[in-house]
Amino acid sequence: MNDTRIYFDNNATTCMLPEVVEAINHAGRTAFANPGSQHSFGRDARRTLDDARETIARILNAEESEVVFTSGGTESINMAVQGLTAGRTGTIVATAGEHPATLRSYDRAAVHGLRSLHLKVDSDGLLVESELDGLPWNQLRLVSVILAHNETGVIQRTKRLSDLCEHHRVPLLIDAVQAVGKIPVDFAALKATALAFGAHKFHGPRGVGGLLIRRGVKLVPFMEGGHQENGRRAGTEAVPLIAGMAKALEVWHESAGHRQMMISEMRNQLQQRLLGECSPAIVHGYQAERLPNTLSIAFPGLSGEALLVNLHLAEVACSLGSTCASGSAEPAPALLAMGVPPDICLATVRLSLGILNTMDEVNDA
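According to the working numbering, the residues represented by the sequence shown are 4 to 368, in order.
This is the structure we're talking about:
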């Protein structure tokens with residue numbers, strides 16, 4: 004960053020990279036037309052759109068026809084839940100502590116007659132796989148799982164779940180909003196029916212994201228209008244933002260291994276310092292595989308809100324491990340699902356690093 008403030012809130016959103024800003028500006032100048040228009044200006048925009056689609060499909064190991072552009076991760080999740088369950092009855096399943104975009108989409112689906120089940124997670128936030136054994140597979144219409152958790156960074160084990168969904172022909176939605184652009188994501192290998200992501204989580208622009216939909220899967224349109232995105236998402240595509248998203252993912256992909264190692268070293272240094280100098284402290288999801296950038300840590304006996312205020316006064320930006328409702332902090336549902344006591348939830352802060360952070364910032368924080 005260009006000032007003395009320290010930004011450790013990259014799971015909330017990220018700063019656009021200079022290359023991304025330039026890609027957006029360039030597309031805004033050269034691909035400004037409607038990509039559905041038949042004139043030469045429209046064809047220029049269509050080429051930029053197609054190039055971005057090819058880049059994203061290649062990096063995420065999907066087919067170009069499987070990429071649907073949206074306004075972001077929340078829309079992608081809503082689109083998948085509603086589009087894959089519309090007009091159906093039965094049961095839909097999600098792991099406990101999913102992102103509100105999934106949980107609220109499930110609430111809406113329940114209004115239309117679908118029953119919702121939540122699978123238990125263990126103390127690290129990992130799916131308790133014995134939960135899968137008793138599921139009424141012949142009644143299931145959708146299973147959703149968050150690949151990397153926004154609160155804790157815990158990376159979910161999905162193989163057995165995806166194998167069972169494939170065997171029973173149950174659609175599987177993977178919320179990869181926090182995973183794409185931070186760790187390798189392979190759409191084909193995950194065996195997902197649909198996969199959601201958003202650009203602003205990996206140094207791309209806000210207001211754009213995507214949904215990967217497996218070839219041959221019917222998705223009832225979320226919005227009505229034109230026939231954009233092969234009839235799956237109406238509305239003129241935001242070509243400059245899409246170009247910026249593709250550039251952000253490409254920049255990450257070109258040096259993914261190095262970036263992951265660098266960010267992991269900074270996160271581990273920060274974790275080690277806090278555990279050593281601010282004991283007692285508890286790292287949530289400590290024994291599980293986590294995103295290299297995320298540290299969810301509690302300081303028993305202290306108030307997370309007070310910690311946050313003090314950090315903000317010290318010009319260190321981070322987040323609470325809780326959600327704000329009715330003007331007061333409430334324990335984060337994801338931490339409660341892990342069996343974390345409410346008082347520990349309320350003593351939790353989340354520090355999430357990015358590629359623009361430095362080890363000097365970690366040592367100064």
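The C-beta atom is built at its ideal place from N, Cα and C for all residues, glycine as well.
* Asked: Contact between the stretch 193 to 203 and the stretch 71 to 90: three or more CB pairs below 8 Å?
  -> yes
* **Spatially closest choice to Cys18 from Arg270, Asp110, Lys204, by CA coordinates** => Here the question's residue 18 lines up with position 15 in the sequence shown. It is Lys204.
* **Collapsed DSSP secondary structure at Pro345 in the structure displayed** => Against the sequence shown, residue 345 aligns to sequence position 342. In this structure, Pro345 counts as helix in the three-state DSSP scheme.
* Asked: Once you ignore the five residues that flank Tyr10 on each side, which residues in its own chain have a CB closer than 8 Å to its CB?
  -> If you number the sequence shown from 1, residue 10 lands on position 7. So the list reads Met4, Cys18, Ala320, Gly357, Leu359, Asn360, once near-sequence residues are dropped.
* Alpha carbon of Asn273 to alpha carbon of Arg163, nearest angstrom -> Taking the sequence shown and counting its residues from 1, one reaches residue 273 at position 270. Taking the sequence shown and counting its residues from 1, one reaches residue 163 at position 160. As written in the sequence, residue 273 is Leu, which differs from the Asn given in the question. Leu273 and Arg163: Cα-Cα distance of roughly 34 Å.
* Note down the Cα distance separating Asn313 from Gly238, rounded to an integer number of angstroms. => Position 310 of the sequence shown, counted from the start, is the residue given in the question as residue 313. Position 235 of the sequence shown, counted from the start, is the residue given in the question as residue 238. About 44 Å.
* Go ahead and label Phe35 buried or exposed: buried means 16 or more other beta carbons lie within 10 angstroms of its beta carbon, across all protein chains shown. => Counting from one through the sequence shown, the residue named residue 35 turns up at place 32. Exposed: under 16 other Cβ atoms inside 10 Å.
* Looking only at its own chain, which residues have a Cβ that is under 8 Å from the Cβ of Arg8, when we skip the five neighbours before and after it? -> Position 5 of the sequence shown, counted from the start, is the residue given in the question as residue 8. Hits under 8 Å: Glu318, Val319, Ala320.
* Could you pull out every residue in the same chain whose Cβ sits closer than 6 Å to the Cβ of Ile158, ignoring the five residues on either side in sequence? => In the sequence shown, the residue the question calls residue 158 occupies position 155. Counting only Cβ-Cβ distances below 6 Å, and skipping sequence neighbours, we find Ala151, Glu292.
* Look at the alpha carbon of Asp127 and the alpha carbon of Gly288, and state the distance between them as a whole number of angstroms. => Here residue 127 refers to the residue found at position 124 of the sequence shown. Here residue 288 refers to the residue found at position 285 of the sequence shown. Cα to Cα, Asp127 sits roughly 4 Å from Gly288.
* Cβ separation of His206 and Ala251, assumed to be a contact under 8 Å, to the nearest whole Å -> On the sequence shown, residue 206 is found 203 positions in, with the first residue counted as 1. On the sequence shown, residue 251 is found 248 positions in, with the first residue counted as 1. Yes, they are in contact, since the Cβ atoms of His206 and Ala251 sit about 5 Å apart, within 8 Å.
* Asked: What residue does the beta strand (DSSP E) around Thr58 start on, and which one ends it?
  -> As a first step, residue 58 must be located in the sequence shown, where it is residue number 55. From DSSP, Thr58 is part of no beta strand (DSSP E) but of the alpha helix (DSSP H) over 43 to 62.
* Please state if the CB of Ile95 and the CB of Gly247 are separated by a distance shorter than 9 Å. => As a first step, residue 247 must be located in the sequence shown, where it is residue number 244. As a first step, residue 95 must be located in the sequence shown, where it is residue number 92. For Gly247 and Ile95, no; Cβs fall outside 9 Å.
* Go through its chain and collect everything with a Cβ distance to Ser147's Cβ below 6 Å, but skip five positions before and after it. => Along the sequence shown, read from residue 1 onward, the residue named residue 147 stands at position 144. Result list for Ser147: Ala97, Thr105, Leu176, in chain order.
* If you run the structure through DSSP and keep just helix, strand and coil, what is Thr77? -> Here residue 77 is taken as the residue at index 74 of the sequence shown, counted from 1. Three-state result, Thr77: helix.
* In three-state terms, what does DSSP make of Pro139? -> As a first step, residue 139 is located in the sequence shown; it is residue number 136 there, counting from the start. Here Pro139 sits in coil by DSSP.
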